[in-house]
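Input: a single structure, listed below in structure tokens.
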Amino acid sequence: MTKKFIFLLLLMFTGLQIMQAQQTYSIKGIVKDAANGEPVSFANVVIWNTIEGTVTDSIGQFEITGVSPGSYRLQASFIGYKPTVTAEFRISNKDMFFPIELEESSESLQEVSIVASPFRKTAESPLGLRVIGFKEIEKSAGGNRDISRVVQSFPGVASTAAFRNDLMVRGGGPSENRFFLDGVEIPNINHFSTQGASGGPVGIINPDFIREVDFYSAAYPAARGNALSSVLDFKLQDGNKEKFSLRGVIGASDIGFSANGPAGKKTTYQVSIRRSYLQFLFDMIGLPFLPTFTDAQFKVKHTFDRKNELAILGLGAIDDMKLNTGMEDMSEKNQYILAYLPVVKQKTYTLGAVYKHYSGKNIYSLIVSRSQLNNKNIKYRDNDESSEENLTLNYRSDEIENKLRSENIFRFPFFRLNVGGNLEYATYTNRTYQKQFTTIPRVINYHTDLGLLKWGLYATAIYESDNERFTASLGVRADANDYSPEMNNLLDQLSPRLSLSYRLFGAVYLNGSIGRYYELPPYTVLGFKDNQGNYLNKANHLTYIRSDQAGLGLEYRPSSYLKFSAEGFYKKYDQYPMSLVDSIPLASKGTDYGVLGNEAVSSTATGRAYGLELTGRWYNYKGLTFIASYTYVRSEFKDGRGSRKYIPSAWDNRHLFTFSGTYALPKNWDIGAKLRVVGGAPYTPYDVEKSSLVEAWDASGSLYYDYSRFNSERLKPFTQLDIRIDKTFYLKKFMLGAYIDIQNILNSKYKEQDVYIKTGKILNPDAPLDQQRYELKPVERRTGTLLPSIGLMIEF
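The sequence shown stops at residue 1260 when you use my numbering, and every number in between is there.
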């Protein structure tokens, strides 16, 4: 049977290879001044790394004909402007319209000639900024077309061996990241997200929409507040102005359809819907939970005239995770997971509109949006729903955010000024019933209805020297809200930042940044109450989390497609929420399903993270693209139990190495590989004595940590190699792509912390209830599965 399948597969590939038509298409577009939207006449436009190109006409429009299907970038240049290399795009079976914006240059052309490059460095973020193109997302080995997994290939980003997309950047926790779609902030980018953090098993954003992603791990722009570890700024494609297209994708975890095209002369659109079959994959590899999700996304852009444009976008998801209690082969490891994991149901959406007006040398932007996250977690003891007495957790919450942001960019000779402000109103409701055990059993039962008004101001001044050898950026941001007196003064959250870059000689740059950043604790922390209805954390004088950060780096660009960099960083944390239940900073929590921060805390935790990143990146030259990086990172927080010595946080992996690359072979074949080596994370031993108590185990269904030995042990490092092979057929009427992706091809095993499960036997049934103990059985845990998957993509 297998031989017949392989024979038929080879026969199909051979037939498609013969059918491939040598079609060519046109790349059309317009070159505009980035400051005022005016067309740039007689600009040079070429396909990057080729001599094939053209010149724009008197109204800035261009057309390059005879282009074969494939992935391309354009390079545009004109006297008085900085040369630019566009984001990557794909020509499949239709002409493509691609707008290009050029920024005015302050240099004297006689002094130096700037070489256009796809590597981007801004004056505001001269280090810690990486630009990710659509091809890196589309063809990344082990990435499953998921941006979070692609980001894990970049320096400073730690990953886990589990099936999750948590982002731990430069020693920071998973709750310290922020996400934007075309300037619209979205609360999370993952299905089944951990409320109060950011992780989940699979991404929400359809990669077909993405033009490129700006990933900031330092020197965050003042316009992007509330981040301590990273900002992911997604730049979405516009719909094709030339023709309608339809695309279908069958991936490793979902099936999806998307469409885009013109809706009149001035309007374009794109829309998509996806449905998962992740539950079948998880069942096949023996996981004890079965997630199902549906998501949809759209973007409509209308250009009123050269001076005014409006984009409306939306993103939504429905998630439903059931427990796989009917598994035929119920391993002891799965028994442990099923004992504590709740049933999770989530609904989330974001709707936003972005209006831009170009006037002279300034750009005005107005962004409005509304987001909602509805989260339900339910758990019964032993998953027995026959009696309400078995209910241990019933958690229901809603987070709704309404946001307004206004921004103005002013351009002057050698200077650029960006000023703006934001106004937000959020509502947070929570209905929590939860059984807990500390030293005695207790029940948490409260209702929260919290309204929160937030406001902020920011400004950034950017200077570029005459020959652009030196750049400087000075920014400031201030945020406040009406939660409490500790948070309602803008000056208490004043956030200055400074970035500098200097070209030492040739293509060698010295870059640096320093700044203070603030982040509002999660709504789960803000809205936590005791059973009498008092806001405990407000009474504990909860305030913004503060982080002072500095970075210094060297960058060498020997060519337009190759870059080497070394960056050192230091982050100091202060006013971090410290759990009053277990004396652990919330910074060390948040990489499991459920909720982060639904507990009493105080803003007393302090910590630090520091390290060094070494990176080499080769971008799409002679068919090769790769990034290789090594990171040494330390992440520590002071002991909250009196000694005040530094203790490793949960993200203190110390050593991170990643190599990820793709190579384009003849006949539209691509091969890719990703190697990850992640240092062992610290862990806290379990308190087996406490966990064996019947009242303790029945309350949580799991083990309790011995926090007197917090993170005193360390796991071993893990290594994983993924490979991927792609083949694309460009036929006369459609494009067909196929791939095989093999995660963990070496079948590496990762040793996790051993656990215990209850046998059901009570060792001392005649003792008083508060002294009775279950018999616990040790269970060794190892993860790591060779996981092959195939995918198909078709575009009409």
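Backbone N, C-alpha and C define an ideal beta-carbon position, used for all residues, glycine too.
Worksheet item: What three-state label does DSSP hand S581 in the structure shown?
Response: Along the sequence shown, read from residue 1 onward, the residue named residue 581 stands at position 117. It is coil, neither helix nor strand.
Worksheet item: Whose C-alpha, out of P986, E1100, D1134, F1028, is nearest the C-alpha of I1091?
Response: Residue mapping note: residue 1091 aligns to position 627 of the sequence shown, counting from 1. Of the candidates P986, E1100, D1134, F1028, the one whose C-alpha sits nearest the C-alpha of I1091 is F1028.
Worksheet item: Which first and last residues belong to the beta strand (DSSP E) in which S612 is found?
Response: In the sequence shown, residue 612 corresponds to position 148, counting from 1. S612 -> not in any beta strand (DSSP E); alpha helix (DSSP H) instead, spanning 611-615.
Worksheet item: Taking the runs of the beta strand (DSSP E) that are 3 residues or longer, which of them lie wholly in the stretch 1056-1129?
Response: 1065-1085, 1088-1102, 1110-1112, 1118-1129
Fill in: Contact between the stretch 1206-1217 and the stretch 1169-1182 (3+ Cβ pairs under 8 angstroms)
yes
Item to complete: Please determine, among T731, M791, V713, the residue with the shortest C-alpha to C-alpha distance to D747.
Response: Working through the sequence shown from its first residue, we reach residue 747 at position 283. When each option's Cα is compared against that of D747, the closest is M791.
Worksheet item: Between the beta-carbon of A716 and the beta-carbon of S1124, is there less than 7 angstroms?
Response: The residue labelled residue 716 in the question sits at position 252 within the sequence shown. The residue labelled residue 1124 in the question sits at position 660 within the sequence shown. In this structure, S1124 does not lie closer than 7 angstroms to A716 by Cβ.
Worksheet item: Over what stretch of residues does the alpha helix (DSSP H) that includes T988 continue unbroken?
Response: Along the sequence shown, read from residue 1 onward, the residue named residue 988 stands at position 524. Note, T988: alpha helix (DSSP H), 987-990.
Worksheet entry | Where V989 falls, given that 16 or more other Cβ within 10 Å makes a residue buried | The sequence position of residue 989 within the sequence shown is 525, counting from 1. V989 is buried by the Cβ-count criterion.
Worksheet entry | Inter-stretch contact at 8 angstroms, needing at least 3 Cβ pairs: the stretch 699-711 / the stretch 630-640 | no
Practice prompt. Give the single residue among L1076, G493, S617 whose Cα lies nearest to the Cα of A1014.
Written response: Against the sequence shown, residue 1014 aligns to sequence position 550. Of the listed residues, the one whose Cα sits closest to A1014 is L1076.
Practice prompt. Please name the residue in E932, T1089, D994, Y982 whose C-alpha comes closest to that of T1007.
Written response: One-based indexing of the sequence shown puts residue 1007 at position 543. Closest option to T1007, Cα to Cα, is Y982.
Worksheet item: Which full runs of the beta strand (DSSP E) of 3+ residues lie inside the stretch 849-904, going along the chain?
Response: 855-876, 879-901
Item to complete: Pull up the distance between the alpha-carbon of L1018 and that of Y1083, whole angstroms please.
Response: Counting from one through the sequence shown, the residue named residue 1018 turns up at place 554. Counting from one through the sequence shown, the residue named residue 1083 turns up at place 619. Those two C-alpha atoms are separated by around 19 angstroms.
Worksheet item: Using a Cβ-Cβ cut-off of 8 angstroms (strictly less than) and excluding sequence neighbours within five positions of Y1025, which residues of its own chain qualify?
Response: On the sequence shown, position 561 is the one that residue 1025 refers to. Taken in chain order, the residues that qualify are N513, S581, P582, W1082, Y1083, N1084, Y1085.
Discussion item. What does DSSP give as the partner residue(s) for G493 in the beta ladder?
Written reply: Walking along the sequence shown from the start, residue 493 turns up at place 29. Answer is F526, F562, bridged to G493.
Item to complete: Identify, in the order they occur along the chain, each residue of the same chain with its Cβ nearer than 6 angstroms to the Cβ of P1146, setting aside the five sequence neighbours on each side.
Response: Within the sequence shown, numbered from 1, the residue matching residue 1146 stands at position 682. The answer, listed in chain order, is P1112, D1116, N1175, R1178.
Discussion item. So, under 8 angstroms CB-CB, T891 and I864 are touching, yes? Tell me the CB distance rounded to an integer number of Å.
Written reply: Taking the first residue of the sequence shown as 1, we reach residue 891 at position 427. Taking the first residue of the sequence shown as 1, we reach residue 864 at position 400. Sure, about 5 angstroms apart at Cβ, within 8 angstroms.
Worksheet item: Exposed or buried, what is W1161 when buried is set at 16 or more other beta-carbons lying within 10 Å of its beta-carbon?
Response: Taking the sequence shown and counting its residues from 1, one reaches residue 1161 at position 697. That one is buried.
Worksheet item: So is S1164 buried or exposed if we call it buried at 16+ other beta carbons inside 10 Å?
Response: Walking along the sequence shown from the start, residue 1164 turns up at place 700. Buried, because 16 or more other Cβ atoms sit within 10 Å of the Cβ of S1164.
Discussion item. Just to confirm my understanding: we take T912, look at its own chain, exclude 5 residues before and 5 after, and list those with CB closer than 7 angstroms. What are they?
Written reply: Within the sequence shown, residue 912 is the residue found at index 448, counting from 1. So the qualifying residues of the chain are Y892, T893, N894, G991, K993.
Fill in: Contact set for R1173: own chain, Cβ-Cβ below 7 angstroms, skip 5 residues either direction
Here the question's residue 1173 lines up with position 709 in the sequence shown. Only T1148, P1149 meet the Cβ criterion.
Worksheet item: Nearest CA to the CA of S1011: which residue from L1200, N847, S959?
Response: Locating residue 1011 in the sequence shown gives position 547, counting from the first residue. For S1011, the nearest C-alpha among the options comes from S959.
Worksheet item: I491: buried (16+ other C-beta within 10 angstroms of its C-beta) or exposed?
Response: One-based indexing of the sequence shown puts residue 491 at position 27. Flag for I491 reads buried.
Practice prompt. Could you round the C-beta distance between G976 and L968 to whole angstroms and report it? I think they count as a contact, below 8 angstroms.
Written response: Taking the first residue of the sequence shown as 1, we reach residue 976 at position 512. Taking the first residue of the sequence shown as 1, we reach residue 968 at position 504. Not a contact, Cβ separation roughly 13 angstroms.
Fill in: As assigned by DSSP and simplified to three states, the class of K1154
As a working note, residue 1154 is residue 690 in the sequence shown. Correct three-state label for K1154: helix.
Fill in: Opposing strand residues paired with K993 [DSSP bridges]
Numbered from its first residue, the sequence shown carries residue 993 at position 529. Partner(s): Y999.
Practice prompt. May I ask which residues mark the beginning and end of the beta strand (DSSP E) holding M785?
Written response: Residue numbering aside, residue 785 sits at position 321 when the sequence shown is read from its first letter. Unbroken beta strand (DSSP E) run through M785: 772-787.
Discussion item. Could you pull the DSSP bridge partners for D1012 from this structure?
Written reply: Residue numbering aside, residue 1012 sits at position 548 when the sequence shown is read from its first letter. R980, K1036, per the DSSP bridge assignment.
Fill in: Enclosing alpha helix (DSSP H) for E706 [first to last residue]
By one-based count along the sequence shown, residue 706 stands at place 242. Here E706 belongs to no alpha helix (DSSP H), and DSSP marks it neither H nor E.
Discussion item. On the criterion of 16 or more Cβ atoms from any shown chain inside 10 Å, does Q996 qualify as buried, or is it exposed?
Written reply: Start at 1 with the first residue of the sequence shown, and residue 996 comes out as number 532. By the neighbour-count rule (16 or more Cβ atoms within 10 Å), Q996 is not buried but exposed.
Practice prompt. Give a yes or no on whether the C-beta atoms belonging to F874 and Y927 are separated by under 7 angstroms.
Written response: For the purposes of this step, residue 874 is identified with residue 410 of the sequence shown, where counting begins at 1. For the purposes of this step, residue 927 is identified with residue 463 of the sequence shown, where counting begins at 1. Contact: no.
Discussion item. Need the endpoints of the beta strand (DSSP E) that I737 sits in, please.
Written reply: Here residue 737 is taken as the residue at index 273 of the sequence shown, counted from 1. Looking at the DSSP string, the run of the beta strand (DSSP E) that includes I737 is 731-740.
Worksheet item: Counting pairs of Cβ atoms below 8 angstroms between the stretch 521-534 and the stretch 589-597, do you hit three or more?
Response: no
Worksheet item: Would you report the Cα separation of E1063 and N798, rounded to the nearest angstrom?
Response: One-based indexing of the sequence shown puts residue 1063 at position 599. One-based indexing of the sequence shown puts residue 798 at position 334. If you take the alpha carbons of E1063 and N798, they lie about 27 angstroms apart.
Worksheet item: Near T548, which residues of its chain fall below 8 angstroms by C-beta distance, leaving aside the five closest residues on each side in sequence?
Response: Within the sequence shown, numbered from 1, the residue matching residue 548 stands at position 84. Counting only Cβ-Cβ distances below 8 angstroms, and skipping sequence neighbours, we find Q539, A540, S541, I564, E565, L566, E567, A580.
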